[in-house]
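Enquirer: Numbering (the numbering used here), first residue to last: 46 to 146.
Even glycine gets a Cβ: it sits at the ideal position worked out from N, Cα and C.
Below is a structure I'd like to ask you about.
Structure representation (structure tokens):
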């Protein structure tokens with residue numbers, strides 16, 4: 046599982062039937078500091094109702110998600126597993142100067 050920032054919605058004209066009526070998001074995975082980007086953005090299924098600008102917890106364990114939601118033969122891989130409380134703000138990363146002290 047990883048924290049990610051929701052960049053916006055993904056629109057598709059055709060979806061696998063197991064993903065009909067499922068909102069798709071574009072999410073940017075974040076590094077452990079909660080601010081730095083960690084890789085490329087991913088398309089994520091959202092069963093939680095997240096919105097642009099929110100931080101979410103995502104997982105790439107498609108098998109567990111398919112079991113959790115009772116989806117057989119679904120291509121689903123990434124999904125939102127939880128919403129990060131907006132009051133949770135990790136401390137800012139230390140500057141290189143402060144880290145040397």
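For a test of the three-state rule: what should DSSP assign to residue 113, helix, strand or coil?
Expert: helix
Enquirer: Would you mind giving the Cβ-Cβ distance between residue 70 and residue 51, rounded to the nearest angstrom? I have them listed as a contact below 8 Å.
Expert: Rounded, the Cβ-Cβ distance is 5 Å, consistent with contact.
Enquirer: Exposed or buried, what is residue 76 when buried is set at 16 or more other beta-carbons lying within 10 Å of its beta-carbon?
Expert: exposed
Enquirer: Residue 48 to residue 61, Cα distance in whole Å?
Expert: 26 Å
Enquirer: Just verifying my parser: in three-state terms, what is the DSSP assignment at residue 62?
Expert: helix
Enquirer: So, with DSSP's three-state summary, where would you put residue 94?
Expert: coil
Enquirer: Output the distance between the C-alpha atoms of residue 87 and residue 72, rounded to the nearest integer angstrom.
Expert: Approximately 5 Å between the Cα atoms of the pair.
Enquirer: Alpha carbon to alpha carbon, how far is residue 82 from residue 131? Give it in angstroms, no decimals.
Expert: 18 Å
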